[in-house]
Structures are given as C-alpha cells and as structure tokens.
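**Student:** Below is one structure. I have some questions about it.
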Amino acid sequence: MYVYQSIAQSLADHGLDTMFGLMGDANLFMVDHFVRDAGATFVPVAFEGSAVLMAFAHGRVAGKVGIATVTHGPALTNCVTALTEAARAHVPMVLLAGDTAVSNPQNLQNIDQRETVKITGAGFEQMRAPETASYDVAHAIYRAQVEKRPIVLNMPVDFMWQEVEHTRHVFPAYTAASYVPEGDDLDQAIGMIASAKRPIILAGIGAKDAVPQIKKLADRLEAPLATTLKAKGMFKDHPYNIDIFGTLSTPAAYEAIGKADCIVAFGTSLHHFTTDKGALMKGKHVIQINDTVTEVAKNYHPDAALIADAGLTADNIVWWLNEAEIPGSGFTAELDITALTAHPKGDPDKAAPGFVNFEYALDRLEEALPKDRFLTTDGGRFMTEVWCRVSCPNAESFIATTNFGSIGLGLQVAIGAGYAVPNRPIVLFTGDGGFMMAGINEFNTAVRMKQDLIVIVANDSAYGAEHIQFLDRKMDPGLSTFDWPSFAQVGTALGGQGILVESSEDLDQAIKAIETRDKPLLIELRLAPNDVPRMRI
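Going by the UniProt record's numbering, 234 is the number at position 234 of the sequence shown; the sequence numbering is gapless.
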C-alpha cells in the first residue's frame with residue numbers, strides 16, 4: 001500500500017475510529033482512506049486549531065487517545081493556542097501534521113515545525129522514512145499515552161505516495177497503579193491525618209478513578225469532601241460535599257475551610273486558585289497524594305507527600321486508621337452543608353429594561369437544562385458564576401477551558417466531547433467575545449454533524465475583564481465595548497435555532513425551546529455590562 005494508507009491503517013490498528021481535522025495537501029488522501037476503507041468518522045472543522053481542541057476533549061471524555069490532523073505551515077501555526085491548552089491539560093492526543101517536502105525549501109508554507117511545536121509544551125515525533133510510517137504512528141500514540149500530552153507527528157508530503165509494506169505496530173502503554181510507599185513519608189502522613197480534629201478531603205481530576213475509595217475515607221474520618229474546579233461534580237451526591245474548594249467556595253464554605261486543621265489532597269497540583277495563593281493552607285497540615293511526581297509541590301509545598309495511586313492510598317489510610325483504632329473526627333457533625341453550599345438567589349427585578357439578570361438566568365437554567373448534560377465552559381468574566389451555579393452529573397461530565405487563560409476555545413471542546421457521549425446533550429456557556437473569536441467558526445460544524453448542543457452566550461457587549469478594570473480606575477470603558485450582531489440571528493443563520501433573551505419572559509420562551517429542540521440551540525442572554533458579577537478569583 002501507499003504511505004498515506006499505512007498511516008490510516010495504523011490508526012485503525014489501534015482501534016481509533018474518530019478523527020477531527022481540516023484537509024490539505026499533506027493529509028487529504030490519508031483522511032480519505034481512513035473514512036472509506038477503515039470505516040471511520042472524520043469531523044471536518046472550519047479552523048485548524050478547532051481540530052486539536054475537539055480531539056483533546058474527545059480523548060479526555062472517551063478515555064482514548066484523541067486524533068486530529070492538519071496540513072503544513074499555516075495550518076500548524078493555527079494550532080499553537082489549542083496545542084498549549086491541550087498540553088497543559090495533560091490529555092493524550094496525537095496531531096497528524098503534514099510537512100512540506102524537504103526537496104522544496106522554497107515552498108511558501110515551509111517553516112521549522114519542530115520549533116513551532118516545542119513552544120506549546122506538546123511533544124514532536126518525526127516520521128523518519130516511508131517504510132517506518134506505521135511504526136512512527138504507533139510510537140506517537142504510545143508517547144501520548146505515557147507522557148499524557150499531545151504529540152505532533154510530522155508527516156512529509158513527499159512520503160504519501162511512496163509504496164510500502166504495511167506492518168501492524170501497537171505498543172502497550174503500561175499503566176499499573178503505583179502502590180503506597182512504605183517508610184517515613186507514609187508514617188508522617190498517617191500521623192498527621194490520625195491526629196486531625198477538623199480534616200477536609202480535597203480531590204482533583206487526577207483522582208477521578210478513586211471516587212468510591214475517597215468517599216470511604218471521608219466517611220471514616222468524618223471529614224467533608226471538596227474538589228478543585230476541574231473535578232467539579234465528583235462528590236455531587238455525598239451528604240458532606242462542600243463543592244469547589246478555594247476562591248470559588250461560598251463565603252460560608254471558605255470560612256469552614258479556614259477552620260480545618262488538615263487537608264488531604266488527592267490528584268491535584270494545588271493551584272493557587274485552589275489554595276487562594278496559600279491563604280487557605282495556613283495553619284494546617286497538608287498531605288498531597290499524586291501519582292505524578294512532577295505535580296507534587298508544583299504550586300504548593302505540602303507537609304507530607306505520597307507519590308502513589310489515589311484509590312490504593314485512600315484504602316491504605318483507612319486500613320491504618322482502623323488498625324490503630326483512631327476515632328472519627330466529628331467535624332462533619334459541626335457543619336450545615338446546605339448553608340455552606342448555598343449561593344444567593346438571583347433577583348429578576350435587578351435587571352435594567354432590555355437585559356436579564358445573570359444570576360437569575362443561571363438559577364433558572366440550572367433547573368431547566370437536561371439533567372444528564374455534559375457541561376463545558378469557555379473563558380471570560382461570566383464563567384466563575386456559571387461554575388458556582390450550574391451543576392454537572394459528575395467530574396467526568398465537565399470540561400472548562402482554563403489551562404491557558406484563552407477565550408474562544410469552548411465550542412470546539414463541546415463538539416469533541418459530544419462525539420464521546422453521543423447520546424447525551426452538550427451544554428456550553430460562552431461569552432460574546434469568545435463566541436465571536438471562534439465559536440462562530442464552529443457552530444455550523446455542530447449543525448452539519450447534527451449534534452445535540454445547547455449554547456448559552458452571555459452577551460454583555462464587552463470584553464468584560466477589561467471593562468471592569470477601566471471602571472475600577474474610573475476610566476472610560478468605551479474601548480472595551482462592542483456593538484455585536486444578534487447572536488440569536490447568527491445561530492439561526494448558521495443552521496441552528498437562535499433565541500434572544502432580554503427579559504424574564506424571554507427566558508421562559510428559551511426554556512421552552514430547550515424542551516423542544518431538534519437542532520443546535522443558541523440562547524443569547526443580553527446582560528448589562530456594568531451589572532455582570534465580578535470573577536471569583
């Protein structure tokens with residue numbers, strides 16, 4: 001077969017059946033073979049970076065290696081922001097990127113692609129020769145799994161029509177759980193936990209496979225449970241769940257965290273939003289459990305650390321507590337969880353004419369949106385209120401594009417997640433600036449691919465984070481405001497259904513549209529730029 005066929009067959013050899021991308025000179029024949037001969041699905045995007053974000057989300061949610069493809073030069077440079085987001089999310093994916101022919105250095109699209117990839121934090125793998133194509137694909141997939149990041153496989157265009165004998169290569173990625181170490185580190189951690197009077201269990205997304213064990217430990221310790229933002233929803237149904245830990249906590253929960261004397265943190269790097277720049281950790285013993293040594297003390301130096309599997313460690317701690325007959329702390333008995341997790345209700349009468357109160361709209365949408373939703377959010381000042389007020393079924397039903405601080409990434413992630421959970425509705429909250437930056441490019445992709453997608457655009461007609469800075473310094477915020485088109489009309493023009501919400505009555509109609517939707521739905525919430533709640537960071 002030809003090299004382009006061998007590349008496509010290598011993906012099929014790994015059981016990979018979904019690819020996101022944009023075709024060009026270096027990858028169009030490979031994509032064609034992947035679809036027509038391997039029976040796979042190709043999702044054509046409008047902008048190359050979208051393919052990376054969709055593949056990253058698909059891989060994260062499906063538990064597979066996400067696959068994306070673009071051609072060379074400007075196609076790859078259009079992926080830089082997306083690759084950075086995916087690299088910082090530590091999600092395995094492979095980007096099959098074409099490269100210009102070595103024999104044609106004058107090609108207008110020729111750049112040093114290795115150096116371009118290097119700045120994003122992604123890995124780079126060079127396809128060495130036509131006869132190594134299947135091996136190089138397999139090795140890129142292997143690296144993505146063990147390095148937990150995107151790997152860009154560089155495919156020279158002049159290889160594609162070279163004849164080769166395809167050889168099946170699939171390299172297993174060994175993922176045996178790392179056991180709890182013995183010795184002083186373990187003894188120190190157990191001692192701190194056993195002596196705690198007001199412990200709290202904190203979990204990040206790195207502990208997503210250990211939820212039952214962590215709940216068992218919390219019950220044994222009589223300790224409340226909390227999560228990082230990325231693990232939102234992990235303990236949703238537990239009676240002592242105090243929700244998100246850190247700057248996104250309610251004032252009452254923040255006060256309760258302040259009274260704790262021990263934090264046992266599983267699967268989190270303890271970002272400064274989680275610790276409130278260390279303020280929430282003062283005067284407490286902090287024990288960090290993570291299976292990746294580089295995540296320990298990355299952002300905060302704990303008092304004790306175990307490089308170990310979260311579930312096995314939680315079980316091990318319970319065993320030692322039982323062995324030593326340590327009584328429960330009694331901390332949960334002191335807490336009124338309902339009061340600790342309640343956010344003030346939104347008031348519809350606070351909105352000026354022509355606008356809707358954001359908190360009120362979110363409270364209504366929390367009840368009206370499908371209960372089995374997969375929740376995604378873009379970046380922007382609106383997002384922290386969404387994180388606090390809109391729930392998701394579990395931690396694996398939520399992705400926030402927060403790893404690089406970029407807006408305009410949410411809709412692409414929503415589409416990618418949708419391919420991993422095809423029978424569930426996808427809900428995206430995005431801002432007006434984020435939607436104009438990239439959402440408008442890909443909303444029609446969701447329409448073309450017939451996805452069950454609900455997009456809520458928080459339209460304050462401004463770049464909100466900048467708008468509030470102008471106001472805080474008593475400066476004219478005019479340069480941060482925009483006279484956007486009607487997003488509801490844009491959604492309809494792109495093939496979906498658009499609903500404009502400028503009042504509580506309009507919100508009633510939008511909620512009815514959620515119930516009767518039969519195509520991607522875009523709900524535009526008109527917000528007064530001076531009345532949007534401040535970011536909780």
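We treat Cβ as the ideally placed atom computed from N, Cα and C, and that holds for glycine.
Could you please give the first and the last residue of the uninterrupted beta strand (DSSP E) stretch that includes PHE374?
**Tutor:** The count along the sequence shown starts at 1 and reaches residue 374 at position 374. Unbroken beta strand (DSSP E) run through PHE374: 374-377.
**Student:** Going by C-alpha distance, which of ASP309, THR481, ALA51 and ASP209 is nearest MET93?
**Tutor:** Taking the first residue of the sequence shown as position 1, residue 93 is located at position 93. Ranking the options by Cα distance to MET93, first place goes to ALA51.
**Student:** Hey, which unbroken runs of the alpha helix (DSSP H) at 4 residues or more fall wholly within the region 410-437?
**Tutor:** Entirely contained in the region 410-437, the alpha helix (DSSP H) runs reaching 4 residues are, in chain order, 410-420.
**Student:** Are there 16 or more other CB atoms within 10 angstroms of the CB of ASN27, so buried, or fewer, so exposed?
**Tutor:** To locate residue 27, count along the sequence shown from 1; it is residue 27. So ASN27 counts as buried.
**Student:** Can you tell me whether DSSP reads HIS90 as helix, strand or coil?
**Tutor:** One-based indexing of the sequence shown puts residue 90 at position 90. In the structure shown, HIS90 sits in coil (DSSP, three-state: anything other than H, G, I, E or B).
**Student:** When the Cβ atoms of the region 438-445 are set against those of the region 406-424, are three or more pairs found closer than 8 Å?
**Tutor:** With the cut-off at 8 Å, the region 438-445 and the region 406-424 touch.
**Student:** For ILE307, I'd like the list of residues in its chain whose CB is within less than 6 Å of its CB, leaving aside the five on either flank, ordered along the chain.
**Tutor:** Locating residue 307 in the sequence shown gives position 307, counting from the first residue. Only VAL293 meet the Cβ criterion.
**Student:** Please name the residue, chosen from LYS216, LEU229 and ILE263, that lies closest to ILE200 on a Cα-to-Cα basis.
**Tutor:** Taking the sequence shown and counting its residues from 1, the one referred to as residue 200 is at position 200. Ranking LYS216, LEU229 and ILE263 by Cα distance to ILE200 puts ILE263 first.
**Student:** Which residues in the same chain as ALA305 place their Cβ atom closer than 6 Å to its Cβ, once the five residues preceding and following it in sequence are excluded?
**Tutor:** By 1-based counting over the sequence shown, the position of residue 305 is 305. Closer than 6 Å at the Cβ level, and outside the excluded window around ALA305, lie GLN288 and VAL296.
**Student:** Specify, as a first and last residue, the run of the alpha helix (DSSP H) that ASN322 falls within.
**Tutor:** Translated into positions along the sequence shown, residue 322 becomes position 322. From DSSP, the alpha helix (DSSP H) with ASN322 extends over 310-323.
**Student:** On the CB-based measure, 16 or more other CB atoms within 10 Å of its CB, does VAL91 come out buried or exposed?
**Tutor:** By one-based count along the sequence shown, residue 91 stands at place 91. Buried.
**Student:** Grouping DSSP H, G and I as helix and E and B as strand, with all else coil, what is GLU165?
**Tutor:** Position 165 of the sequence shown holds residue 165. Of the three classes helix, strand and coil, the one that applies to GLU165 here is coil, per DSSP.
**Student:** With C-beta atoms as the reference, is SER329 less than 8 Å away from LYS215?
**Tutor:** The residue you call residue 329 lines up with position 329 of the sequence shown. The residue you call residue 215 lines up with position 215 of the sequence shown. Taking 8 Å as the Cβ cut-off, SER329 and LYS215 do not qualify as a contacting pair.
**Student:** Along the chain, where does the alpha helix (DSSP H) that runs through PHE487 open and close?
**Tutor:** Looking up residue 487 in the sequence shown gives position 487. Counting along the chain, the alpha helix (DSSP H) containing PHE487 begins and ends at 487-493.
**Student:** For SER486 and GLY73, what's the separation of their Cα atoms in angstroms?
**Tutor:** In the sequence shown, residue 486 corresponds to position 486, counting from 1. In the sequence shown, residue 73 corresponds to position 73, counting from 1. Rounded to whole angstroms, SER486 to GLY73 spans 35 Å at the Cα level.
**Student:** Do LEU525 and ALA465 have their beta-carbon atoms positioned less than 8 Å apart in this structure?
**Tutor:** Taking the first residue of the sequence shown as position 1, residue 465 is located at position 465. Taking the first residue of the sequence shown as position 1, residue 525 is located at position 525. It is not a contact, given that the beta carbons lie outside the stated cut-off.
**Student:** For the 8 Å Cβ check, are there 3 or more pairs between the region 34-43 and the region 76-85?
**Tutor:** Flag = no, the region 34-43 and the region 76-85 do not touch.
**Student:** Between GLN497 and ARG517, which are expected to be in contact by the criterion C-beta below 8 Å, what is the C-beta distance as a whole number of angstroms?
**Tutor:** The count along the sequence shown starts at 1 and reaches residue 497 at position 497. The count along the sequence shown starts at 1 and reaches residue 517 at position 517. Yes, they are in contact, since the Cβ atoms of GLN497 and ARG517 sit about 7 Å apart, within 8 Å.
**Student:** Please classify ASP237: does DSSP put it in a helix, a strand, or coil?
**Tutor:** On the sequence shown, residue 237 is found 237 positions in, with the first residue counted as 1. The answer is coil: DSSP assigns ASP237 none of H, G, I, E or B.
**Student:** With DSSP as the reference, label PRO348 as helix, strand or coil.
**Tutor:** The residue labelled residue 348 in the question sits at position 348 within the sequence shown. Three-state DSSP puts PRO348 in a helix.
**Student:** Which one of LEU428, ASP506 and ASP309 has the shortest CA to CA distance from ASP452?
**Tutor:** Walking along the sequence shown from the start, residue 452 turns up at place 452. Taking only the C-alpha atoms, the option nearest ASP452 is LEU428.
**Student:** Quick check on the DSSP output: the beta strand (DSSP E) that includes VAL61 runs from which residue to which?
**Tutor:** In the sequence shown, residue 61 corresponds to position 61, counting from 1. Counting along the chain, VAL61 falls outside any beta strand (DSSP E), though it belongs to the alpha helix (DSSP H) covering 48-62.
**Student:** Enumerate in chain order the residues of its own chain whose CB-to-CB distance from HIS285 is below 6 Å, with the five nearest sequence positions on each side excluded.
**Tutor:** Start at 1 with the first residue of the sequence shown, and residue 285 comes out as number 285. Excluding sequence neighbours, HIS285 sits near MET192, CYS262 and ASP303.
**Student:** Within its chain, find whatever has a CB closer than 6 Å to the CB of ASP243; leave out the 5 residues flanking it on each side and keep chain order.
**Tutor:** By one-based count along the sequence shown, residue 243 stands at place 243. Only THR341 meet the Cβ criterion.
**Student:** My understanding is that LEU494 touches ASN444, with C-beta atoms under 8 Å, so please give their C-beta distance in whole angstroms.
**Tutor:** Taking the sequence shown and counting its residues from 1, one reaches residue 494 at position 494. Taking the sequence shown and counting its residues from 1, one reaches residue 444 at position 444. Right, their Cβ atoms sit about 4 Å apart.
**Student:** Alpha carbon to alpha carbon, what distance is there between ALA314 and ALA176?
**Tutor:** In the sequence shown, counting from the first residue as 1, residue 176 sits at position 176. In the sequence shown, counting from the first residue as 1, residue 314 sits at position 314. One C-alpha to the other measures close to 17 Å.
**Student:** With DSSP as the reference, label LEU527 as helix, strand or coil.
**Tutor:** Along the sequence shown, one-based indexing puts residue 527 at 527. Looking at LEU527 - three-state DSSP - the assignment turns out to be coil, as it is neither helix nor strand.
**Student:** On the three-pair Cβ rule with 8 Å, is the region 118-125 touching the region 146-160?
**Tutor:** They touch, by the three-pair rule.
**Student:** For the alpha helix (DSSP H) holding ASN394, just list the boundary residues, first then last.
**Tutor:** In the sequence shown, counting from the first residue as 1, residue 394 sits at position 394. Neither: ASN394 is in no alpha helix (DSSP H) and is coded neither H nor E.
**Student:** Here's the rule I'm using: 16 or more other beta-carbon atoms within 10 Å means buried, otherwise exposed. How should GLN5 be labelled?
**Tutor:** The residue you call residue 5 lines up with position 5 of the sequence shown. Buried, because 16 or more other Cβ atoms sit within 10 Å of the Cβ of GLN5.
**Student:** Does the region 244-252 come close enough to the region 354-365 that 3 or more CB-CB pairs lie under 8 Å?
**Tutor:** At 8 Å Cβ cutoff, the stretches do not touch.
**Student:** Please tell me whether ASP483 and THR430 are closer than 8 Å, where the distance is taken between their beta carbons.
**Tutor:** Along the sequence shown, read from residue 1 onward, the residue named residue 483 stands at position 483. Along the sequence shown, read from residue 1 onward, the residue named residue 430 stands at position 430. Not closer than 8 Å, so no.
**Student:** I'd like to know whether the C-beta atoms of GLN489 and ILE499 end up nearer to each other than 8 Å.
**Tutor:** The residue labelled residue 489 in the question sits at position 489 within the sequence shown. The residue labelled residue 499 in the question sits at position 499 within the sequence shown. No. Outside cutoff.
**Student:** Is it buried or exposed for TRP387, if we count other Cβ within 10 angstroms and need 16 for buried?
**Tutor:** Locating residue 387 in the sequence shown gives position 387, counting from the first residue. TRP387 is buried by the Cβ-count criterion.
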